[in-house]
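Quick notes on the structure that follows.
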Amino acid sequence: MDEKKLTPKAENYSEWYNQLVQRAEMADYAPVRGCMVVRPYGWSLWENIQAALDSRFKATGHVNAAFPLFIPMSFLEKEKEHVEGFSPELAVVTIGGGSELEEPLIVRPTSETIIGYMYSKWIQSYRDLPVLINQWGNVVRWEMRTRLFLRTLEFYWQEGHTAHATAEEAEAETLQMLDIYTDFARNEAAVPVIPGRKSESEKFAGAVRSYTIEAMMGDKKALQAGTSHNLGQNFAKAFDIQYLDETNTLQHCWTTSWGLSTRFIGAIIMTHGDDQGLVLPPRLAPIQVVIVPIFRKDEEKDLVMAAVERVKGELSAFRVKVDDRMEVTPGFKFNEWELRGVPLRLEIGPKDVANNSVALARRDIPGREGKSFVPQDGIADTVAAMLTTIQANMLEKATQFRDANIHEPQDYEAFKQVIAEDGWCYVWWKANAENEAQIKEDTKATLRCIPIDQPGGKGRCIFSGEETTEKAYFAKAY
RNA sequence: CGGGGUGUAGCGCAGACGGCCAGCGCGCCGCGUUUGGGACGCGGAGGUCGGCGGUUCAAGUCCGCCCACCCCGACCA
């Protein structure tokens with residue numbers, strides 16, 4: 020880690036990722052296998068993600084609450100598919116306060132069960148519906164293989180849990196939340212995700228239907244960046260979540276759940292990062308603008324710092340950091356803030372003081388091309404416009420990269436070739452779990468999603484040749 | 001859980017056949033000179049060599065067992 024340069028992406032992508040996460044001080048390995056410490060810089064990014072999502076949740080009528088970390092083992096067992104899906108990865112507490120527990124507690128891997136239990140107590144009438152609750156918290160899943168942010172034993176997320184009177188309402192809620200995730204990913208994180216439906220074999224354990232937003236990382240692997248599930252009446256029946264309708268008939272509720280986790284930080288890193296380091300989207304970046312003062316002598320310092328303070332004052336609408344450390348050179352600071360992905364850097368030196376200018380360097384365009392000199396007058400407007408431009412450019416670049424790597428092979432041989440070269444395949448697909456498994460065995464690619472946006476018309480399934488009306492994306496995934 | 005790899009200073013590493021005060025680079029601390037793309041000089045601090053046991057006059061070094069972590073596969077947000 021003492022080498023100045025990161026391992027280039029092209030040389031070893033996962034090495035690049037691991038070094039970057041640690042050197043940018045996003046996260047570090049904890050003393051427990053598979054666990055991470057989210058460092059202040061990484062957590063600050065997460066807080067901005069939280070704020071962007073939370074405001075969208077609130078705007079659509081959701082409220083926050085907190086449910087317990089521990090769940091009675093028996094709760095999980097009430098929903099057959101759910102317990103089968105999660106049993107292998109549970110952390111179980113058998114001793115508390117020094118003595119064996121009568122019933123083991125699991126550390127929540129997700130909270131459908133305990134929230135379902137509570138909903139059955141709270142919901143009695145159609146007048147109580149819908150219930151629209153979200154929780155910000157942490158969960159534990161005992162994974163075999165872990166990566167910082169992408170898959171850790173413990174991770175942070177939000178999980179929304181709603182209960183509705185009708186199937187239609189539940190489906191509408193599920194899709195609404197998928198839309199919110201899609202909007203967040205594109206417009207806040209500049210991550211061009213593809214919203215779609217999961218196949219039967221890829222869906223959440225206990226769901227009727229699962230939806231996902233799929234993103235393409237810099238190595239072209241797919242990442243499930245958020246999910247929204249229509250749980251039908253599965254959990255309502257398992258936990259007796261019932262209400263009396265207008266005609267005094269007892270009905271089971273229809274429930275949903277949806278989540279987005281700190282994995283999304285990994286998505287941001289791997290969507291935008293380059294060989295210099297992180298590239299953070301302006302709307303989420305913990306620091307949007309870093310100001311680096313440059314001077315030699317004391318009299319220069321006074322003049323420069325006065326200009327720096329004045330400019331900083333103008334930029335009060337932004338998240339600004341003045342790097343006034345004396346012990347490192349400006350060149351070192353440039354590299355360091357580029358590693359940390361700050362979208363915009365301002366340099367102010369004696370020449371700028373003389374010219375009433377500042378040097379602007381945008382992170383999304385490395386090197387001299389991304390550098391320009393602008394007047395100090397009107398700097399707030401200049402910065403605002405530049406941040407907007409950077410945000411838009413990042414989405415544009417990521418979208419171009421994604422689209423350039425999505426292919427439409429016409430037969431299975433061509434399909435295999437695309438996957439072998441790590442591309443994504445967008446193909447006609449006739450749902451069939453066995454064929455899907457065969458493709459996975461042949462190519463290691465999985466069905467990422469059946470996109471919401473469908474071209475219409477009919478075609479022949481890439482694998483079976485049967486006529487079908489839907490297209491799907493296949494790719495290797497994280 | 002299968003395969004591979006690594007544990008020596010905060011980080012990255014070197015330590016042929018066992019041998020005396022365990023080294024190097026980066027980082028860190030002090031002083032001085034520097035500062036528009038990863039500065040330099042001088043002087044410092046910092047080590048149960050992953051753990052336990054064994055062989056030996058003598059063990060980072062040889063042997064055994066254990067532990068941890070990383071990478072690659074099967075499962076997952």
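For the first sequence, this note's numbering assigns the number 20 to the initial residue and increments by one for each residue that follows. Cβ atoms here follow ideal geometry from the backbone N, Cα and C, with glycine treated the same way. Quick caveat: nothing in here was measured; it's all calculated off a predicted structure.
Exercise. Using a Cβ-Cβ cut-off of 7 Å (strictly less than) and excluding sequence neighbours within five positions of residue 343, which residues of its own chain qualify?
Worked result: Counting only Cβ-Cβ distances below 7 Å, and skipping sequence neighbours, we find 312.
Exercise. Considering residue 281, what are the terminal residues of the beta strand (DSSP E) in which it resides?
Worked result: Run containing residue 281: none; DSSP gives neither H nor E here.
For this session: For residue 495, count neighbouring C-beta atoms within 10 Å of its own C-beta (all shown protein chains included) and say buried if the count is 16 or more, exposed if not.
Result: Per the 10 Å Cβ criterion, buried.
For this session: Kindly indicate which three-state DSSP category residue 182 falls into: helix, strand or coil?
Result: Strand, per DSSP.
Exercise. In three-state DSSP terms, what is residue 89?
Worked result: In the structure shown, residue 89 sits in a strand (DSSP, three-state: E or B).
Exercise. Can you tell me where the beta strand (DSSP E) with residue 494 in it begins and where it stops?
Worked result: Residues 490-494.
Exercise. So who's on the other strand from residue 196, going by DSSP bridges?
Worked result: Bridge pairing for residue 196: absent [DSSP].
Exercise. So which of 442, 399 and 429 has the shortest CA-CA distance to residue 241?
Worked result: Checked all of 442, 399 and 429; the closest Cα to residue 241 is 442.
Problem set entry | Identity of the residue in 143, 460 and 106 nearest residue 271 by Cα | Out of 143, 460 and 106, 143 has the C-alpha closest to the C-alpha of residue 271.
Problem set entry | Within the region 347-396, ranges of the beta strand (DSSP E) (whole runs, at least 3 residues) | If one requires a minimum length of 3 residues, the beta strand (DSSP E) runs lying completely within the region 347-396 are 363-367, 376-381 and 390-394, in chain order.
For this session: Tell whether a beta-carbon distance below 8 Å holds between residue 409 and residue 371.
Result: Cβ distance not < 8 Å, so residue 409 and residue 371 don't count as in contact.
For this session: Would you mind reading off the limits of the beta strand (DSSP E) that contains residue 33?
Result: Premise fails: residue 33 lies in the alpha helix (DSSP H), 32-42, not in any beta strand (DSSP E).
For this session: Provide the residue(s) that pair with residue 247 in DSSP beta bridges, ordered along the chain.
Result: Under DSSP, residue 247 takes part in a beta bridge, and its partners are 230 and 277.
For this session: Please report the residue range of the beta strand (DSSP E) in which residue 152 lies.
Result: For residue 152, the uninterrupted beta strand (DSSP E) segment begins and ends at 150-159.
Problem set entry | 7 Å Cβ shell around residue 72 - same chain, five flanking residues per side excluded | Shown here for residue 72: same chain residues with a beta carbon closer than 7 Å to its own, the five before and five after excluded, namely 177, 203 and 279 in chain order.
For this session: Figure out for me which residue from 375, 492, 411 and 268 has the closest Cα to the Cα of residue 300.
Result: Considering only alpha carbons, the answer is 411.
Problem set entry | Cβ distance (whole Å) where residue 425 is taken to contact residue 445 below 8 Å | The pair is a contact, with the Cβ atoms about 5 Å apart (cut-off 8 Å).
Exercise. According to the Cβ coordinates, are residue 497 and residue 172 closer than 8 Å?
Worked result: Their beta carbons are not under 8 Å apart, which means residue 497 does not touch residue 172 by this criterion.
Problem set entry | Inter-residue spacing [alpha-carbon to alpha-carbon] between residue 247 and residue 413 | Between residue 247 and residue 413, the C-alpha separation is close to 26 Å.
For this session: In angstroms with no decimal places, state the Cα-to-Cα distance between residue 56 and residue 43.
Result: When rounded, the distance between both Cα atoms is 13 Å.
Problem set entry | CA-to-CA distance, residue 75 to residue 275, given in whole angstroms | Near 17 Å, if we compare the C-alpha coordinates of residue 75 and residue 275.
Exercise. Which residue comes first and which comes last in the beta strand (DSSP E) that contains residue 113?
Worked result: Taken as a continuous stretch (DSSP letters only), the beta strand (DSSP E) holding residue 113 covers 110-115.
For this session: With a floor of 4 residues, list each alpha helix (DSSP H) that falls wholly inside the region 289-356, ordered by position along the chain.
Result: As far as the region 289-356 is concerned, its whole alpha helix (DSSP H) runs of at least 4 residues are 317-333.
Problem set entry | Distance CB(residue 183)-CB(residue 152) smaller than 8 Å | Judged by their CB atoms, residue 183 and residue 152 are not nearer to each other than the 8 Å cut-off.
Exercise. Which residues in the same chain have their Cβ closer than 8 Å to the Cβ of residue 439, if we skip the five residues on either side of it in sequence?
Worked result: Around residue 439: 462.
Problem set entry | Contacts around residue 136, its chain only, beta-carbon distance under 7 Å, and the 5 residues preceding and following it disregarded | Cβ neighbours of residue 136 within its own chain (closer than 7 Å, five residues either side excluded): 94 and 258.
Problem set entry | Closest residue to residue 47 among 435, 61 and 407 (Cα-Cα distance) | Here the closest residue by C-alpha is 61.
Problem set entry | With 16 other Cβ atoms within 10 Å as the buried cut-off, status of residue 303 | Buried: at least 16 other Cβ atoms inside 10 Å.
Problem set entry | Among 475, 88, 54 and 407, nearest to residue 155 - alpha-carbon criterion | Taking only the C-alpha atoms, the option nearest residue 155 is 88.
Exercise. Taking just the CA atoms, how far does residue 453 sit from residue 359?
Worked result: Here the C-alpha atom of residue 359 lies approximately 45 Å from the C-alpha atom of residue 453.
Exercise. Where do the N-terminal and C-terminal ends of the alpha helix (DSSP H) with residue 103 fall, by residue?
Worked result: From DSSP, the alpha helix (DSSP H) with residue 103 extends over 99-105.
Exercise. Since residue 263 and residue 145 are thought to touch, with beta carbons under 8 Å apart, how far apart are those beta carbons, to the nearest angstrom?
Worked result: With a Cβ gap of about 7 Å, residue 263 and residue 145 count as contacting.
Exercise. Taking the runs of the alpha helix (DSSP H) that are 4 residues or longer, which of them lie wholly in the region 412-442?
Worked result: As far as the region 412-442 is concerned, its whole alpha helix (DSSP H) runs of at least 4 residues are 431-439.
Problem set entry | Pick from 107, 175, 33 and 345 that is closest to residue 166, judged by C-alpha positions | Of the candidates 107, 175, 33 and 345, the one whose C-alpha sits nearest the C-alpha of residue 166 is 33.
Exercise. Does the separation of the CB atoms of residue 91 and residue 108 fall below 8 Å?
Worked result: Taking a C-beta distance under 8 Å as the contact criterion, residue 91 and residue 108 do not qualify as a contact pair.
Exercise. Start and end of the alpha helix (DSSP H) containing residue 143?
Worked result: Element bounds for residue 143: n/a, residue is neither H nor E.
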